[in-house]
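**Q** Residue 179 in this note's numbering sits at position 197 of the sequence shown, with consecutive numbering throughout. Ideal Cβ positions, reconstructed from N, Cα and C, are used throughout, including at glycine. This is the structure I want to talk about, given as structure tokens.
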Amino acid sequence: MRLPSGKLFLIALCALTSVLAIAQAPQNVVDALKAADKSIDEIAAIPADQRTFDNTLGAFDWVLAKVDIDTSLTVFMQFVSPNAEQRASARAADELVSEWFIGVTKREDLYRAIKEFADKKPSLEPDQQRLLDHTLRDYKRAGMMLTPENRARLQEIEVELSKLSIEFETNIAEDPTKLFFTKDELKGVPESVLGRLSQSRGLYMIGMDGPTYGALQEHCEVALTRQKAWMAHKRRAAKNVALIEKIIKLRDEASDLLGYANRVDYEIETRMAENSKAVAEFYAGLRPLVRKKAIQDMAEFTAAKRSHLGDYSARLNIWDYSFYKNKLLKERYAVDSEKVAEFFPMEAVVKGLFDITSQLYGIEYRDVTASAKDLGLPLWHEDVRLYEIYDTATKELLGRMYTDLYPRDNKYNHAACWGLRPRRVLPNGTVQKPLTALVCNFTKPTADRPSLLPHDEVETFFHEFGHGLHNVLTQVRYASFSG
-17 MRLPSGKLFL IALCALTSVL AIAQAPQNVV DALKAADKSI DEIAAIPADQ
33 RTFDNTLGAF DWVLAKVDID TSLTVFMQFV SPNAEQRASA RAADELVSEW
83 FIGVTKREDL YRAIKEFADK KPSLEPDQQR LLDHTLRDYK RAGMMLTPEN
133 RARLQEIEVE LSKLSIEFET NIAEDPTKLF FTKDELKGVP ESVLGRLSQS
183 RGLYMIGMDG PTYGALQEHC EVALTRQKAW MAHKRRAAKN VALIEKIIKL
233 RDEASDLLGY ANRVDYEIET RMAENSKAVA EFYAGLRPLV RKKAIQDMAE
283 FTAAKRSHLG DYSARLNIWD YSFYKNKLLK ERYAVDSEKV AEFFPMEAVV
333 KGLFDITSQL YGIEYRDVTA SAKDLGLPLW HEDVRLYEIY DTATKELLGR
383 MYTDLYPRDN KYNHAACWGL RPRRVLPNGT VQKPLTALVC NFTKPTADRP
433 SLLPHDEVET FFHEFGHGLH NVLTQVRYAS FSG
């Protein structure tokens, strides 16, 4: 089956995509996909005897990179924008771009072009050969070897999975769950935490953001309060239960169509372990060692709870874990997480990260937040900062990094790093500079108190910052390997 190309391909894409998504997606996204279709048509039309790496596989890599460059910031806004309309528009863009990528993997004319080049057995440089190998592998995983009927069904499944995944993420990010407690019900929670909570009629409002929820679980002496908070946290986005069931069924069907023994084999194929058997063997060796330590911890925490309550028949519940871990650290090792946090004010942590990585990698950071508009880059909230990263020796701009570090309603509520633009060496020798964004949810400073990071949040920040530097400092030629 030959999939339509050019304008016909866009029409086919629109037929697959909800009318609402197309209507809501920003014009820049629609235009970027139209331009990408035209470029792919040109790649497919090159005569077989004129095919080279640069005009076929290299050109395709640049088409994918250009789509990413032109659309990723728009799509990213669904996770961070405080504006509901912009988030909805970003989700529509995400749906459109995802379905475009799925459609590209089903284009027989493009696959034929790449296969024609591969069949020549060209002599390639290592990164070029890797790109060719991975592209052929990904076509197999996309179902190019299936019958037209099965390939069409696989495409339907992938489109539906894309929509379900976007809906799943949205339900979590925009979940409105809040709990209200009296001060007595929050006994043990530090005043530094209580002081930043909203109040209504003598009740404190507890959100499900990491800093607030984590502080309650660690410090609140009232077990019933911890239990209510834990239950509310786990029951967020209740609609996702039905979505998960659909996702599992569709993933299983897709794996069956592709000939994998199970979904795990499909997911692991592109990773270091390569198959589920290797993972199972690794876990089989690890589990006895971990279980032994887990049993010891369980006994220790249970003893701590019984001693604390004076009830030697008390059992340890899952909402007790953080509280008694923190209590043991204080009583047995004199480690007070609140006191430790005083050593890690946000400004000092950021400066320390910059200083350490500057020395390690020979780089320097420049805060260009005030110039973001001139650079054509958006600042979606007052908390957002934008940095440029330069090579200290050559003064070359290496890339840019956003930070968005504090929680707010409807924002992505964990910690993650997004690669928004890949690095790519262009045909004229210039370099497309990478752009990355660190999104976290640390305690926000107030007028009279700085943002103080518990040790585990410092570790989280270092971890995500490492991803950001990976995205910026990469030296690859091809966008497919960037980040």
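Helix, strand or coil for P327, going by three-state DSSP, please let me know.
**A** It is a strand residue.
**Q** Around the Cβ of P389, are there at least 16 other Cβ atoms within 10 angstroms (buried) or fewer (exposed)?
**A** P389 comes out buried.
**Q** In three-state terms, what does DSSP make of F163?
**A** Three-state result, F163: strand.
**Q** Out of curiosity, what's the CA-to-CA distance linking P427 and S147?
**A** The alpha-carbon atoms of P427 and S147 are separated by roughly 33 Å.
**Q** Can you tell me which of L225, R119, T164 and F336 puts its alpha carbon nearest to the alpha carbon of L143?
**A** That would be L225, whose Cα lies nearest to the Cα of L143.
**Q** Thinking I76 and A14 are a contact (beta carbons under 8 Å), I'd like their distance in whole angstroms, please.
**A** At residue 76 the sequence reads Asp, which differs from the Ile that was named. About 13 Å separates the two Cβ atoms, so there is no contact after all.
**Q** Does the beta-carbon of K102 have 16 or more other beta-carbons within 10 angstroms, so that it is buried, or is it exposed?
**A** Looking at its Cβ environment, which holds fewer than 16 other Cβ atoms inside 10 Å, K102 is exposed.
**Q** What residue from F61, V79, N308 and A220 has the CA that sits closest to N10's CA?
**A** The option with the nearest alpha carbon to N10 is V79.
**Q** Give me the Cα-Cα distance between I25 and L114, rounded to the nearest whole angstrom.
**A** The alpha-carbon atoms of I25 and L114 are separated by roughly 15 Å.
**Q** Over what stretch of residues does the alpha helix (DSSP H) that includes E346 continue unbroken?
**A** Note, E346: premise wrong, no alpha helix (DSSP H); beta strand (DSSP E) at I345 to D349.
**Q** Flag this pair as touching only if the segment 301 to 309 and the segment 191 to 202 have three or more C-beta atom pairs under 8 Å; answer yes or no.
**A** Short answer: they touch.
**Q** Please name the residue in I139, I22, D247 and S237 whose C-alpha comes closest to that of E90.
**A** Ranking I139, I22, D247 and S237 by Cα distance to E90 puts I22 first.
**Q** For a test of the three-state rule: what should DSSP assign to D386, helix, strand or coil?
**A** Correct three-state label for D386: strand.
**Q** Alpha carbon to alpha carbon, what distance is there between I345 and S105?
**A** Going from the Cα of S105 to the Cα of I345 covers about 36 Å.
**Q** What residues in its chain sit with their C-beta under 6 Å from that of E167, if we drop five residues either side in the sequence?
**A** Within the same chain, E167 has close Cβ partners V204 and T207.
**Q** Quick check on the burial criterion: 16 or more other C-beta atoms within 10 angstroms. Buried or exposed for L(-15)?
**A** Bear in mind that a pLDDT of 32 at L(-15), under 50, signals an unreliable position, so the number given afterwards is only what the model happens to contain. So L(-15) ends up on the buried side.
**Q** Any idea if F(-9) is buried or exposed, counting beta-carbon neighbours within 10 angstroms, 16 or more meaning buried?
**A** In this prediction, F(-9) has a pLDDT of 39, which is less than 50 and means its spatial position is unreliable; nothing more can be read from the coordinates.
**Q** Rounded to whole angstroms, what is the Cα-Cα separation between L380 and Y347?
**A** So the alpha carbons of these two residues sit roughly 10 Å apart.
**Q** Looking at C-alpha atoms only, which residue of D293, T374, L361 and F444 is the closest neighbour of S340?
**A** Nearest C-alpha to S340: T374.
**Q** Is it a yes or a no for the segment 208 to 219 touching the segment 147 to 167, going by three-plus beta-carbon pairs under 8 Å?
**A** With a cut-off of 8 Å, the segment 147 to 167 and the segment 208 to 219 count as touching, because enough Cβ pairs lie within range.
**Q** Which whole-angstrom value is the C-beta distance of L387 and D365, which I expect to be below 8 Å?
**A** Confirmed, about 7 Å.
**Q** Going by CA-CA distance only, name the one from D356, I154, T38 and E378 that's closest to A214.
**A** That would be I154, whose Cα lies nearest to the Cα of A214.
**Q** By the DSSP assignment, the alpha helix (DSSP H) with Y369 in it spans what residues?
**A** Careful: Y369 lies outside any alpha helix (DSSP H), inside the beta strand (DSSP E) at R367 to D373.
**Q** Compare the Cα-Cα distances from V350 to each of K169, F35, H363 and I371 and report the closest residue.
**A** Residue I371 is the option with its Cα nearest to V350.
**Q** Check whether the Cβ atoms of H396 and S319 sit closer than 8 Å, and answer yes or no.
**A** Not closer than 8 Å, so no.
**Q** Please state the DSSP three-state secondary structure of A(-3).
**A** The pLDDT assigned to A(-3) is 44, lower than 50, so where the model puts this residue is not dependable; a value taken from the coordinates is nonetheless given after this. In this structure, A(-3) counts as helix in the three-state DSSP scheme.
**Q** Can you list, in chain order, the residues of its chain whose CB lies under 6 Å from that of M328, leaving out five sequence neighbours each side?
**A** If we look at M328 and ignore the five residues flanking it on each side, its Cβ neighbours are S433.
**Q** Helix, strand or coil: how does DSSP classify R431 here?
**A** Reduced to three states, the DSSP call for R431 is coil.
**Q** Answer yes or no: do S237 and I250 have a C-beta to C-beta separation smaller than 8 Å?
**A** No, these two residues do not count as a Cβ contact at 8 Å.
**Q** For the candidate residues A70, Q110 and A47, whose alpha-carbon lies nearest to that of F58?
**A** Nearest of A70, Q110 and A47 to F58, Cα basis: A70.
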